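Heads up: the sequence shown at position 62 corresponds to 62 in full-length UniProt numbering, and the numbers run straight through without jumps.
Quick reminder that beta carbons are idealized off the backbone N, C-alpha and C, glycines included.
Computed from a prediction, not measured in an experiment: that's the story for all the values here.
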Amino acid sequence: MGGCAGSRRRLSDSEGEETVPEPRLPLLDHQGAHWKNAVGFWLLGLCNNFSYVVMLSAAHDILSHERTSGNQSHVDPGPAPIPHNSSSRFDCNSVSTAAVLLADILPTLVIKLLAPLGLHLLPYSPRVLVSGICAAGSFVLVAFSHSVGTSLGGVVLASISSGLGEVTFLSLTAFYPRAVISWWSSGTGGAGLLGALSYLGLTQAGLSPQQTLLSMLGIPALLLASYFLLLTSPEAQDPGGEEEAESSARQPLIRTEAPESKPGSSSSLSLRERWTVFKGLLWYIVPLVVVYFAEYFINQGLTSDEHREFAMATTCISDTLGISLSGLLALPLHDFLCQLS
Numbered sequence: 001m002g003g004c005a006g007s008r009r010r011l012s013d014s015e016g017e018e019t020v021p022e023p024r025l026p027l028l029d030h031q032g033a034h035w036k037n038a039v040g041f042w043l044l045g046l047c048n049n050f051s052y053v054v055m056l057s058a059a060h061d062i063l064s065h066e067r068t069s070g071n072q073s074h075v076d077p078g079p080a081p082i083p084h085n086s087s088s089r090f091d092c093n094s095v096s097t098a099a100v101l102l103a104d105i106l107p108t109l110v111i112k113l114l115a116p117l118g119l120h121l122l123p124y125s126p127r128v129l130v131s132g133i134c135a136a137g138s139f140v141l142v143a144f145s146h147s148v149g150t151s152l153g154g155v156v157l158a159s160i161s162s163g164l165g166e167v168t169f170l171s172l173t174a175f176y177p178r179a180v181i182s183w184w185s186s187g188t189g190g191a192g193l194l195g196a197l198s199y200l201g202l203t204q205a206g207l208s209p210q211q212t213l214l215s216m217l218g219i220p221a222l223l224l225a226s227y228f229l230l231l232t233s234p235e236a237q238d239p240g241g242e243e244e245a246e247s248s249a250r251q252p253l254i255r256t257e258a259p260e261s262k263p264g265s266s267s268s269l270s271l272r273e274r275w276t277v278f279k280g281l282l283w284y285i286v287p288l289v290v291v292y293f294a295e296y297f298i299n300q301g302l303t304s305d306e307h308r309e310f311a312m313a314t315t316c317i318s319d320t321l322g323i324s325l326s327g328l329l330a331l332p333l334h335d336f337l338c339q340l341s
């Protein structure tokens with residue numbers, strides 16, 4: 001800094017020249033990184049929830065269609081699935097579509113319950129890779145399945161992908177500017193719309209369920225590309241500028257003098273500290289079981305660095321718990337309604 005200032009003074013003193021203005025490349029680089037991360041987290045939210053949404057959209061096909069031998073798959077135009085009660089006014093499958101819901105949500109619930117205990121020990125990159133592989137495997141397994149059981153196994157893979165990805169990416173937002181959580185949330189919302197519409201549109205256009213699912217294999221590839229190629233390194237984030245101004249206007253709920261945290265720093269928390277943080281989060285988790293969309297309202301996390309990663313990974317259990325309870329209730333409700341004359 002001193003050398004640069006000295007050079008500018010020498011230019012100014014000699015021949016009356018004006019000081020050379022500072023280059024704006026660092027600002028441009030910061031803006032470029034901001035948009036790369038924003039788009040990256042939007043795509044991660046979209047791709048992470050896409051397979052989950054598609055499996056729910058395909059639930060009726062998964063339970064009702066039969067596959068012919070060979071490489072092709074189609075909806076069998078033969079006899080319709082046998083309902084529990086042929087006199088029922090409801091459209092019943094022999095197995096409730098709640099089975100697909102539970103297969104699509106319970107593995108995610110298990111992952112989110114166990115994640116705060118030890119998932120931080122695994123680096124982010126292997127987690128993302130496993131998530132992408134499971135998502136691709138779910139599409140392939142369901143597409144080529146010849147039985148409901150195998151199809152449900154593919155749905156379980158989609159659930160593992162979605163649950164592992166959500167815990168991973170929400171934890172990762174703790175090391176980026178706060179705006180990325182809004183982009184992630186927008187991407188997950190887009191998955192609900194685009195996932196359902198894409199499956200409906202492609203099947204209505206004449207594609208078989210198998211062809212439709214196989215056409216979606218680009219989504220896991222896009223997830224991996226967004227993480228490995230689009231996101232900038234968390235260590236490269238500039239803490240100044242707008243972030244510095246924003247932090248000066250915000251006061252943390254828990255003041256600490258700890259140095260800036262890095263990915264995986266929550267591993268230093270003791271079990272007592274984790275329990276203390278978890279008890280504080282119950283004020284958010286309990287309402288979120290009922291009000292799913294509010295998850296992304298409180299995920300900003302004001303607990304300013306060593307607690308944020310653990311907090312982000314823990315609060316995301318709320319939506320999964322609520323969906324799991326609805327799926328469990330839907331199983332007996334389905335049987336009850338189908339037995340009505």
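The alpha helix (DSSP H) enclosing residue i, as first and last residue numbers
i: arginine 127; result: 124 to 143
i: proline 332; result: 317 to 338
i: proline 116; result: 98 to 118
i: leucine 172; result: 148 to 172
i: leucine 193; result: 179 to 204
i: threonine 212; result: 209 to 214
Three-state secondary structure assigned by DSSP to residue i
i: proline 220; result: helix
i: alanine 58; result: coil
i: isoleucine 254; result: Unreliable positioning characterises isoleucine 254 in this predicted model, as indicated by a pLDDT of 38, which lies under 50. The coordinate reading is nonetheless provided below. Coil.
i: threonine 314; result: helix
i: histidine 30; result: helix
i: leucine 281; result: helix
i: valine 286; result: helix
i: valine 39; result: helix
i: glutamate 273; result: helix
i: threonine 230; result: The sequence given here has leucine at residue 230, not threonine. Helix.
Candidates the options, of which the one nearest residue i by Cα
i: alanine 59; options: Val148, Tyr124, Ala33, Gly118; result: Val148
i: glycine 165; options: Leu207, Ser51, Leu213, Glu273; result: Ser51
i: tyrosine 176; options: His34, Leu331, Ala225; result: His34
i: valine 95; options: Ile317, Gly154, Leu331, Gly201; result: Leu331
i: threonine 212; options: Leu325, Cys338, Leu333, Ala143; result: Ala143
i: threonine 150; options: Leu119, Gly132, Val100; result: Val100
i: valine 167; options: Gly190, Val130, Tyr199; result: Val130
Same chain, Cβ closer than 6 Å to residue i, five either side skipped, listed in chain order
i: tyrosine 227; result: Val128
i: glycine 195; result: Phe50, Val53, Val54
i: serine 233; result: none
i: leucine 152; result: Ala103
i: cysteine 47; result: Ile219, Leu222, Leu223
i: leucine 207; result: none
i: leucine 25; result: For leucine 25, the pLDDT reaches just 44, beneath the cut-off of 50, and the residue's location in the model is therefore unreliable, although a value from the coordinates is still provided. None.
Buried versus exposed call for residue i [16 or more other C-beta atoms within 10 Å across all chains shown]
i: residue 376; result: Past the boundaries of the shown model lies residue 376; the chain is included only from 1 to 341, so the question cannot be answered.
i: alanine 221; result: exposed
i: phenylalanine 139; result: buried
i: leucine 193; result: exposed
i: glycine 201; result: exposed
i: alanine 205; result: exposed
i: valine 286; result: exposed
i: aspartate 29; result: exposed
Sequence-distant residues of the same chain with beta carbon closer than 8 Å to residue i, five excluded per side
i: proline 116; result: Arg274, Phe278, Phe310, Ala313, Thr314
Neighbourhood of residue i by C-beta, 7 Å cutoff - its chain only, sequence neighbours within 5 removed
i: glycine 137; result: Leu157
i: leucine 113; result: Ile317
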